[in-house]
Every structure is written in structure tokens, then in C-alpha cells.
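Chemist:
In this note's numbering, the protein residues as written are 150 to 436.
(1) Taking just the CA atoms, how far does residue 308 sit from residue 314?
(2) Taking the straight line between their C-alpha atoms, what separation do you get for residue 267 and residue 275?
(3) Could you pull the DSSP bridge partners for residue 191 from this structure?
(4) Flag this pair as touching only if the stretch 391-407 and the stretch 253-265 have three or more C-beta atom pairs under 8 Å; answer yes or no.
(5) May I have the straight-line CA-CA distance separating residue 158 from residue 177, to the nearest angstrom?
(6) Just the C-alpha distance for residue 432 and residue 425, rounded to the nearest angstrom, thanks.
(7) Would you mind working out which of 358, 327, 350 and 354 sits nearest residue 341, comparing C-alpha positions?
(8) Alpha carbons only, please: which of 280, 356 and 344 is nearest the one belonging to residue 320?
(9) Might you give, ordered along the chain, the residues of its own chain that have their beta carbon closer than 8 Å to the beta carbon of residue 150, omitting 5 neighbours on each side?
(10) As a quick exercise: from 292, 322 and 291, pick the residue whose alpha carbon is nearest that of residue 302.
(11) To the nearest angstrom, how far is it from the Cα of residue 287 to the Cα of residue 273?
(12) What are the boundary residues of the beta strand (DSSP E) that residue 245 is part of?
(13) Tell me whether the stretch 368-376 and the stretch 413-424 touch, counting them as touching only if at least three CB pairs, one residue from each stretch, are closer than 8 Å.
(14) Thinking C-beta only, is residue 187 closer than 7 Å to residue 175?
(15) With distances taken from CA atoms, which of 215, 366, 208 and 344 is nearest residue 242?
(16) Please state whether DSSP places residue 344 in a helix, a strand or coil.
(17) Any contact between the stretch 389-401 and the stretch 183-202? By contact I mean 3 or more CB pairs, one from each, below 8 Å.
(18) Thinking C-beta only, is residue 300 closer than 7 Å to residue 334?
(19) Using a Cβ-based criterion (distance less than 6 Å to any ligand heavy atom), does residue 224 qualify as near the ligand SAM?
(20) Compare the C-beta of residue 242 with all C-beta atoms of chain B and state if any pair is closer than 7 Å.
(21) Using three-state DSSP, classify residue 167 as helix, strand or coil.
(22) Measuring only the C-alpha atoms, how far is residue 419 from residue 362?
(23) Suppose the cutoff is 6 Å on Cβ atoms and the five residues either side in sequence are ignored; what does the same chain contact list for residue 233 look like?
(24) Using only the alpha-carbon positions, how far apart do residue 292 and residue 329 sit?
(25) Do you know how far the Cα of residue 312 is from the Cα of residue 215?
(26) When the Cα atoms are used, what is the spatial distance from residue 100 to residue 221?
(27) Roughly how many angstroms separate the alpha carbons of residue 103 and residue 213, rounded to a whole number?
(28) Rounded to the nearest angstrom, what separates residue 428 and residue 422 at their Cα positions?
(29) Just the C-alpha distance for residue 219 and residue 364, rounded to the nearest angstrom, thanks.
This is the structure we're talking about:
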């Protein structure tokens, strides 16, 4: 398939050292050939998983100013998608939502991919009060794509996920509230093997499941990268299944090389060949 030039507005955090937020999403998108307009919500020395960091959280007004400046260049009608992730506050979330709505008004075909970062099984909810509710009630109803993990999908829908059927029911419940395309990451059910991890994508009433080996590592930024990869490939292919296959294959390659290197940070640059030509390709099955 011939590649079409894409323009993506990515509004996320930024770290000088390592790869999370925009520092995890922008380079893979650029490596795939997209133009990325990065707006940073924070500028930190490193991600907070280290326990110590330096830098600043930017205010919602700065995000609005940057987006307005882009708008003044007359390019929003050429923006194909908005990508958003971790929100430092509900006020920042409102600025991100308004930016996405502004893009969609200028280009009705543009997609908003909202990664609803709320928490994980351990340690639970780790964002500030008000953010989960903002994502559930204001962001996701306006989004086209959502990429929650299992914990986040359970929180957003109030439904426990223990099987493929309950995962599909939770996704359907989320779709009923707004996002028509959902990628459920880090899925584990009673049928998942001990050494496996699953992803489940849904669009247009169809569901596709993909399994990969579960690697013995935990790094920050992998969720940011897979959201970016899934968005790009969904824009390219126009369908969830091939986007799932391409994104999962690339992220598995990046994680595999990160494990082999014994690195704490996702090896986005060193393993960049996995972004465009994954060593191992996984196939999704309709379910």
C-alpha cells in the first residue's frame, strides 16, 4: 500500500531523558513518515518512575496558545489526527479536548485518538483527582479512538473483565459512550496463558484478538508508543485489524530488544528498524 503523508497533532508530556509521552510517540510516527506537531504538557528531566525528576508542568493556557498559533498558520484543515495521553490536570484535559474539537471542525475526517491514562492493576489509579471522571465524561465521548488498558477499561465502564466475552461487553459499553474504535491493551483473562498477553481491537461491530509472548520486563512508555503506532496504522489502512497487527508486531520488537539490551528505557531509537519492519509479525484473529 502506498503511504500517504499524514499530519498528526500530538499533545503529551515530554522528557529530556528516556521515552515516555511525546518522547515515546513522536519518533516512531516520524520514522513511519508522519509529520508530527508536538505540543508538550510538561518538560521533565526524566519520567516520574525514577522517583526523582526535575522540570515543570505547563499550564492549560500554554497548550491553548500553541494550538492557536498552529491554527494561525492555516494548517488545521490538513491535520489528520490528534493524539493525546497522560493529563496533568482536568484543566489541561479541557485544553486538549478543545484542541481536538478545533481540529475536527477544520477537518471533519480527522480522528482523535485518546489514550485514557488513569492507572493500572498495580498501583491502581495514579492520576490526580478529577482526571478519570473528565476522561470518562468529557474526553472519550468526543474521541474516535480509545486505547485503554484492562484496568482503565474496567474503571471507565464499571464492568469486570474475566473472559473474552466480558472484555467484548466492556468495549461495547465504552463504544456506546463515544469512541467507535477501541484498542484494549494488556488483556489477561482466564483463558490467557501464563506466558502470554493479549490485545483486543474493535470497530464496526467486529472484534479482533492478538496474542504475543509476555516478556519479563516492565518499562514506561510502551503504552504511549502503541497508541501512536495503532493510530498511524489505522489512518493508513482504514481498518482496526491491520492496525492491531502492525502496532503489536512493532511494540513486541521494541520490547524484545529493550529486554535484550537490559535497558530501563524503551529502545525506540536503537531498535527503530522494528518500527518499520518488525522482526516477528503477529496475526489478529476475528473473535
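Glycine is no exception: its CB is placed at the ideal position from the N, C-alpha and C atoms.
Modeler: Judging by the given coordinates:
(1) Taking the chain shown and counting its residues from 1, the one referred to as residue 314 is at position 165. Taking the chain shown and counting its residues from 1, the one referred to as residue 308 is at position 159. For residue 314 and residue 308, the distance between alpha carbons rounds to 12 Å.
(2) Locating residue 267 in the chain shown gives position 118, where the first residue counts as 1. Locating residue 275 in the chain shown gives position 126, where the first residue counts as 1. Going by the C-alpha atoms only, they are around 6 Å apart.
(3) Sequence index remark: in the chain shown, residue 191 carries index 42 (1-based). In the DSSP output, where bridge partners are listed per residue, residue 191 has 206.
(4) no
(5) In the chain shown, residue 158 corresponds to position 9, counting from 1. In the chain shown, residue 177 corresponds to position 28, counting from 1. Rounded to the nearest angstrom, the two C-alpha atoms are 14 Å apart.
(6) Start at 1 with the first residue of the chain shown, and residue 432 comes out as number 283. Start at 1 with the first residue of the chain shown, and residue 425 comes out as number 276. Cα to Cα, residue 432 sits roughly 16 Å from residue 425.
(7) Residue mapping note: residue 341 aligns to position 192 of the chain shown, counting from 1. Nearest option by C-alpha distance: 358.
(8) For this step, residue 320 is matched to residue 171 along the chain shown. For residue 320, the nearest C-alpha among the options comes from 356.
(9) Mapped onto the chain shown, residue 150 falls at position 1. Residue placement at residue 150 is flagged as unreliable, the pLDDT there being 41, under the threshold of 50; the coordinate-derived value follows with that caveat. These residues qualify, in order along the chain: 385 and 386.
(10) Residue numbering aside, residue 302 sits at position 153 when the chain shown is read from its first letter. Among 292, 322 and 291, the Cα nearest to that of residue 302 belongs to 322.
(11) Position 138 of the chain shown holds residue 287. Position 124 of the chain shown holds residue 273. Rounded to whole angstroms, residue 287 to residue 273 spans 21 Å at the Cα level.
(12) As a working note, residue 245 is residue 96 in the chain shown. Taken as a continuous stretch (DSSP letters only), residue 245 belongs to no beta strand (DSSP E), being part of the alpha helix (DSSP H) at 239-255.
(13) yes
(14) Residue numbering aside, residue 175 sits at position 26 when the chain shown is read from its first letter. Residue numbering aside, residue 187 sits at position 38 when the chain shown is read from its first letter. Cβ atoms of residue 175 and residue 187: closer than 7 Å.
(15) Taking the chain shown and counting its residues from 1, the one referred to as residue 242 is at position 93. With distances taken between Cα atoms, residue 242 lies closest to 208.
(16) For the purposes of this step, residue 344 is taken as the residue at position 195 of the chain shown. Coil, per DSSP.
(17) no
(18) Walking along the chain shown from the start, residue 334 turns up at place 185. Walking along the chain shown from the start, residue 300 turns up at place 151. Not in contact: residue 334 and residue 300 (Cβ atoms no closer than 7 Å).
(19) The ligand SAM is not part of this structure, which contains no ligands at all.
(20) You won't find chain B in this structure, because it holds only one protein chain.
(21) Residue mapping note: residue 167 aligns to position 18 of the chain shown, counting from 1. Three-state DSSP puts residue 167 in coil, outside helix and strand.
(22) If you number the chain shown from 1, residue 419 lands on position 270. If you number the chain shown from 1, residue 362 lands on position 213. Roughly 22 Å separates the two Cα atoms.
(23) To locate residue 233, count along the chain shown from 1; it is residue 84. 160, 245 and 263, listed in sequence order.
(24) Your numbering for residue 292 matches position 143 in the chain shown. Your numbering for residue 329 matches position 180 in the chain shown. Taking the straight line joining both Cα atoms gives about 8 Å.
(25) If you number the chain shown from 1, residue 215 lands on position 66. If you number the chain shown from 1, residue 312 lands on position 163. C-alpha separation (whole angstroms): 43 Å.
(26) Absent from the model: residue 100. The displayed extent of the chain is 150 to 436, so no value can be given.
(27) Residue 103 falls outside the range modelled here, since the chain spans only 150 to 436, and no answer is possible.
(28) Counting from one through the chain shown, the residue named residue 428 turns up at place 279. Counting from one through the chain shown, the residue named residue 422 turns up at place 273. Whole-angstrom Cα-Cα distance: 8 Å.
(29) Taking the first residue of the chain shown as 1, we reach residue 219 at position 70. Taking the first residue of the chain shown as 1, we reach residue 364 at position 215. Each residue's alpha carbon lies about 40 Å from the other.
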